[in-house]
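Heads up, the sequence shown stops at 217 in the working numbering, and the numbers go up one at a time, no gaps.
Report on the following structure.
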Amino acid sequence: MMPREVIKGARLILVTDPRPDLAARVEAAVRGGVDVVQLRDKRAAEQLLPLAEDLREICARGGALFTVNDDVELARLSGADGVHLGQEDETTARAREILGSDAVVGRSASSVLEAREAVREGADYLGVGTVFATPTKPDAKVAGLALVEEVARENLPLPWFAIGGITPETAPEVAAAGASGFAVVRAILDAEDPESAARELRSLLG
Numbered sequence: 012m013m014p015r016e017v018i019k020g021a022r023l024i025l026v027t028d029p030r031p032d033l034a035a036r037v038e039a040a041v042r043g044g045v046d047v048v049q050l051r052d053k054r055a056a057e058q059l060l061p062l063a064e065d066l067r068e069i070c071a072r073g074g075a076l077f078t079v080n081d082d083v084e085l086a087r088l089s090g091a092d093g094v095h096l097g098q099e100d101e102t103t104a105r106a107r108e109i110l111g112s113d114a115v116v117g118r119s120a121s122s123v124l125e126a127r128e129a130v131r132e133g134a135d136y137l138g139v140g141t142v143f144a145t146p147t148k149p150d151a152k153v154a155g156l157a158l159v160e161e162v163a164r165e166n167l168p169l170p171w172f173a174i175g176g177i178t179p180e181t182a183p184e185v186a187a188a189g190a191s192g193f194a195v196v197r198a199i200l201d202a203e204d205p206e207s208a209a210r211e212l213r214s215l216l217g
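Below you can see the structure in the form of C-alpha cells.
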C-alpha cells in the first residue's frame, strides 16, 4: 500500500525531539502502535541524515510511516515517506514535485481557515493546534479545545491530528472533542515505557 493510502488510517503521530536514546524509544513506540514518526530537529540535513535513515528503517520494519518536519531535502535524501510543512514552508505541490507523487505531505493548521486551505492545496493530513500549552513550543498561540471542536465540525476529507500538550491526562478530552488523531512528543518519549504509552494513547482513538 502506498504511503498516501496508509496515512488515511493513521491515528497516532510521534514527533521527535533530540535525545541520545531516540532510536530505541522510537522503536518501542512503533511497537506500541505509533502510525507515523516525524523527525523534528533543527540541525542541518547533513548532520541528521544518518539518524533519519535509522528511523526510516525502524519505521519500515514496524509498519509505520517515516516523515521529516519542514525539511523537504532531508526527506528526499533519507528516502522518507513524506514531509510535514508549516505555514511558512514549501507549498504542498512543490514538496510533492520534489518527493514524488506518492509522498505524504502534511500541513500545520491553527485555524479552520488554514485547515480548509490545506485541503484545497491537496495535503494528505493536518496537524491541528496548538491545543494546550507545551514546553516544546513555548511561544505558540494556544487554541484550546474550541479549535478541536471547530475542526471536527468541518468533517474534513482527510485525517487530522490534534497537537500541543496532548498527554495521558488531556488526551481523553481531546478525543471527546472530536479529534481524529493525536500528534505527541513528550507523552511518549518521556514515558518510562514508550510502548505502553503509545498503546494507551492509541486505545483512546478507536
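Just so you know, even glycine gets a beta-carbon here, dropped at the ideal spot from N, CA and C.
Quick caveat, the model's predicted, so the values are computed rather than measured.
Thinking C-alpha only, which one of the options is nearest residue i?
i           : options           : result
residue 61  : 81, 34, 43        : 34
residue 17  : 39, 28, 29, 46    : 46
residue 29  : 22, 41, 44, 63    : 63
residue 186 : 167, 106, 212     : 212
residue 191 : 85, 204, 168, 200 : 168
residue 52  : 92, 86, 38        : 86
residue 133 : 50, 75, 157, 170  : 170
residue 94  : 67, 126, 73, 74   : 67
residue 79  : 165, 59, 71       : 59
residue 99  : 77, 119, 196      : 119
residue 195 : 21, 25, 12, 19    : 25
Keeping to the same chain, check which residues put their C-beta closer than 8 Å to that of residue i; ignore five residues upstream and five downstream.
i           : result
residue 141 : 121, 148, 151, 152, 153, 154, 174, 175, 176
So, helix, strand or coil for residue i, using DSSP?
i           : result
residue 30  : coil
residue 216 : coil
residue 89  : helix
residue 102 : coil
residue 18  : helix
residue 109 : helix
residue 177 : coil
residue 156 : helix
residue 198 : helix
Which term fits residue i, buried or exposed, when burial requires 16 or more other beta carbons within 10 angstroms of its beta carbon?
i           : result
residue 102 : exposed
residue 114 : buried
residue 14  : buried
residue 55  : exposed
residue 131 : exposed
residue 209 : buried
Tell me which residues share the same chain as residue i and place their Cβ nearer than 7 Å to its Cβ, disregarding the 5 neighbours each side in the sequence.
i           : result
residue 207 : 43
residue 71  : none
residue 77  : 48, 66, 67, 70, 91, 92
residue 116 : 93, 94, 96, 103, 106, 107, 134, 135
Please confirm whether residue i has its beta-carbon closer than 7 Å to some beta-carbon of chain E.
i           : result
residue 201 : Among the chains of the structure shown, chain E does not appear; only one protein chain is present.
Take residue i and list the residues in its own chain whose beta-carbon comes closer than 6 Å to its own, dropping the five residues that flank it on each side.
i          : result
residue 41 : 73, 75
residue 65 : 34
Within the region 43-86, ranges of the alpha helix (DSSP H) (whole runs, at least 4 residues) = As far as the region 43-86 is concerned, its whole alpha helix (DSSP H) runs of at least 4 residues are 56-73.
message = Report the start-end ranges of each alpha helix (DSSP H) in the region 114-152 that is 4 residues or longer and not cut off at the edges.
response = 123-132
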